[in-house]
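Asker:
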Amino acid sequence: MDFNSATYVHPNQRGIPTPTKEMQSGCGTCKLCEIDCPTKAIERKGIDELHIDYGKCLQCGQCVTICPDGKLTNSGFIYVIALHREEFYTQYKKGVKETPPILPFSLTENQKRFRKLTQKRGFLYREVAAGGNNTVESELNASFNSVFDSEREGIRCVASPKHADAIVFSGPVSQNMEAPLQTAWDVMSEPKALIACGTEAVSGGLFPKGKLPQEPDLFISGDPPRPDVILQGFRLLLGRFSFQFQEALHKFLESEK
Ligand code: SF4
Ligand code: SF4
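Each residue of the sequence shown is one higher than the one before, starting from 1 at the first, in full-length UniProt numbering.
#1: Is residue 58 near ligand 1, with its Cβ less than 7 Å from a heavy atom?
#2: What do you reckon, is the C-beta of residue 61 under 7 Å from a heavy atom of ligand 1?
#3: What is the DSSP secondary structure of residue 19, counted as helix, strand or coil?
#4: CA-CA distance, residue 40 and residue 114?
#5: On a Cα-Cα basis, can you pick out the residue from 257, 242, 237 that is closest to residue 83?
#6: Per DSSP, what are the beta-bridge partners of residue 96 in this structure?
#7: Looking at residue 108 and residue 97, is the spacing between their C-beta atoms short of 8 Å?
#8: Between residue 36 and ligand 1, is the CB less than 7 Å from at least one heavy atom?
#9: Just checking my contact of residue 210 with residue 247 at CB under 8 Å: how many whole Å lie between their CB atoms?
#10: Looking at ligand 3, does it come within less than 7 Å of residue 230, judged from the CB to the closest heavy atom?
#11: Tell me which residues share the same chain as residue 70 and place their Cβ nearer than 7 Å to its Cβ, disregarding the 5 neighbours each side in the sequence.
#12: Measure the alpha-carbon distance for residue 262 versus residue 36 and round it to whole angstroms.
#13: Say yes only if the C-beta of residue 167 is nearer than 7 Å to one or more non-hydrogen atoms of ligand 1, and no if none qualify.
#14: Can you find at least 3 beta carbon pairs, one from the region 169-184 and one from the region 227-237, that sit closer than 8 Å?
#15: Report yes if the C-beta of residue 82 is less than 7 Å from at least one heavy atom of ligand 1; otherwise report no.
#16: Along the chain, where does the beta strand (DSSP E) that runs through residue 33 open and close?
#17: Comparing alpha-carbon positions, which option in 77, 54, 72 lies nearest residue 25?
#18: By alpha-carbon positions, which one of 256, 68, 228 ends up nearest to residue 5?
#19: Could you pull the start and end residues of the beta strand (DSSP E) that residue 129 belongs to?
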């Protein structure tokens, strides 16, 4: 896969829901999208305001299907990746995105230290399936095939967390998986990174979110995210890919006008 020509919009994926031009005339009061959303990712607020937490969004398309007036569309935008959870909170008013394209977030100290260690050589990770449904694991497996070729970036999976630079976890972190995830984290040496992979890992998705060893250093949403999205997320953490979710979404919506 050529990362330089990779794009955040995929022609065959639903991607995240975004407002259509019809939304500019207002949204009505039906709230059907909010009522029907399985993860309560979308909220109809005030007059003509929609708030969407794309970190909760499964990209299932249900809100688009249920909207009686065609005010939402499956955008095909799939790069729901960020270094800070708050980047996914998006507000629209009359169909216009109100969340600014540039948000005042900088790298945390841990992200800086991890990047310094791994930017050139890549990183080794231990995967922890923390109560998910194995879809994220399937996509992680695919990230090592000859199409996506994770190892070309120096990113490999290892059996023991003692040999790992990062933990990639999937699932909402069920009660029974809180302790194993914590143990895997505790045996790793510093600097280390925690990576939430999949909507359930980012927000819990359909389930309550369990306890994490610390705030993740990277959030990759999607249920599950595609291998190319996962790898672009890893490259973002490494500092090899310059990307800000709100900025990219802003450019995409402008290009759709
Ligand atoms: S989870 Fe499904 S219904 Fe909810 S906002 Fe996302 S696409 Fe819409
Ligand atoms: S987006 Fe569609 S379903 Fe949601 S409140 Fe507006 S009109 Fe209703």
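Positions of the beta carbon are idealized from the N, C-alpha and C atoms, including for glycine.
Answerer: Well, looking at it:
#1: yes
#2: yes
#3: strand
#4: 33 Å
#5: 237
#6: 93
#7: no
#8: yes
#9: Not a contact, Cβ separation roughly 31 Å.
#10: With respect to ligand 3, the structure offers nothing, as its ligand set consists of ligand 1 and ligand 2.
#11: 20, 22
#12: The first residue shown for the chain is 1 and the last is 257, placing residue 262 beyond what the model contains.
#13: no
#14: no
#15: no
#16: Residue 33 -> not in any beta strand (DSSP E); alpha helix (DSSP H) instead, spanning 32-36.
#17: 72
#18: 228
#19: 124-129
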